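In this note's numbering, the protein residues as written are 4 to 143.
Right, dumping it as structure tokens:
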């Protein structure tokens with residue numbers, strides 16, 4: 004349906020694409036996304052949009068647009084809930100605490116637990132929920 008109304012692809016070709024990708028819905032969505040980006044933006048942006056999707060959604064990496072925050076040494080070893088709330092990755096400290104309790108907060112590859120203190124190596128990524136990222140670095 005989205006192919007028919009959201010793209011300029013002829014109906015016969017849409018039916019062919021649907022048959023070809025009927026086994027893998029994710030691949031069908033990627034074909035649709037490529038076509039929409041191609042029609043609305045440019046051919047040059049198709050590859051970069053797909054790379055961004057694969058990196059951020061499928062591989063759960065921070066995108067190039069994730070902001071970097073320098074954390075002062077005095078904040079290291081404190082509760083991560085404060086950091087999450089302070090940088091608006093959650094609406095409140097209560098929501099930040101709930102996200103930590105639900106194992107939805109990750110520092111690097113490790114899941115953050117309630118009352119765990121955080122420390123930062125060179126540069127680490129803090130992921131809150133599925134797609135909110137910030138990069139943390141130690142302030143010199």
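By construction, the Cβ of each residue, glycine as well, lies at the ideal position given by its N, Cα and C atoms.
Treat the numbers as computed from the prediction; the structure is a model and nothing was measured.
Would you mind stating whether residue 71 and residue 140 have Cβ atoms separated by less than 8 Å?
In the chain shown, counting from the first residue as 1, residue 71 sits at position 68. In the chain shown, counting from the first residue as 1, residue 140 sits at position 137. In contact: residue 71 and residue 140 (Cβ atoms closer than 8 Å).
Inter-residue Cα distance where the pair is residue 18 and residue 108:
The residue given as residue 18 occupies position 15 in the chain shown. The residue given as residue 108 occupies position 105 in the chain shown. Each residue's Cα considered, the two are about 42 Å apart.
Go ahead and pull the three-state DSSP assignment for residue 86.
Residue 86 sits at position 83 when you count from the first residue of the chain shown. If DSSP states are grouped into helix, strand and coil, residue 86 belongs with the helices.
Contact between the region 38-51 and the region 6-25 (3+ Cβ pairs under 8 Å):
yes
By a C-beta neighbour count over all protein chains shown, 10 Å radius and 16 as the cutoff for buried, is residue 130 buried or exposed?
As a working mapping, residue 130 is identified with position 127 in the chain shown. Buried, since its Cβ has 16 or more Cβ neighbours within 10 Å.
Look up residue 137 in the DSSP assignment and give the residues it is bridged to.
Working through the chain shown from its first residue, we reach residue 137 at position 134. Residue 137 is bridged to 129.
Alpha carbon to alpha carbon, how far is residue 105 from residue 29? Give it in angstroms, no decimals.
Position 26 of the chain shown holds residue 29. Position 102 of the chain shown holds residue 105. In a straight line, the C-alpha of residue 29 is about 27 Å away from that of residue 105.
With 16 other Cβ atoms within 10 Å as the buried cut-off, status of residue 57
Within the chain shown, the letter at position 54 stands for residue 57. Result: exposed.
When the distance is taken between beta carbons, is residue 69 closer than 8 Å to residue 138?
Counted from its first residue, the chain shown places residue 138 at position 135. Counted from its first residue, the chain shown places residue 69 at position 66. Cβ distance < 8 Å, so residue 138 and residue 69 count as in contact.
Quick one: what does DSSP say residue 18 is sitting in, helix, strand or coil?
On the chain shown, residue 18 is found 15 positions in, with the first residue counted as 1. In this structure, residue 18 counts as helix in the three-state DSSP scheme.
Identify whether residue 57 lies in helix, strand or coil by the three-state DSSP scheme.
Residue mapping note: residue 57 aligns to position 54 of the chain shown, counting from 1. Helix at residue 57.
Applying the 10 Å Cβ sphere with the 16-neighbour rule, what's the burial state of residue 38?
For the purposes of this step, residue 38 is taken as the residue at position 35 of the chain shown. When all chains shown are included, residue 38 counts as buried.
Are residue 142 and residue 88 touching if we call contact CB-CB under 8 Å?
Along the chain shown, read from residue 1 onward, the residue named residue 142 stands at position 139. Along the chain shown, read from residue 1 onward, the residue named residue 88 stands at position 85. No, the pair does not count as a contact, with Cβ atoms beyond the cut-off.
Residue 102 - containing alpha helix (DSSP H), residue span
Residue 102 sits at position 99 when you count from the first residue of the chain shown. Where residue 102 is concerned, the enclosing alpha helix (DSSP H) stretches over 96-104.
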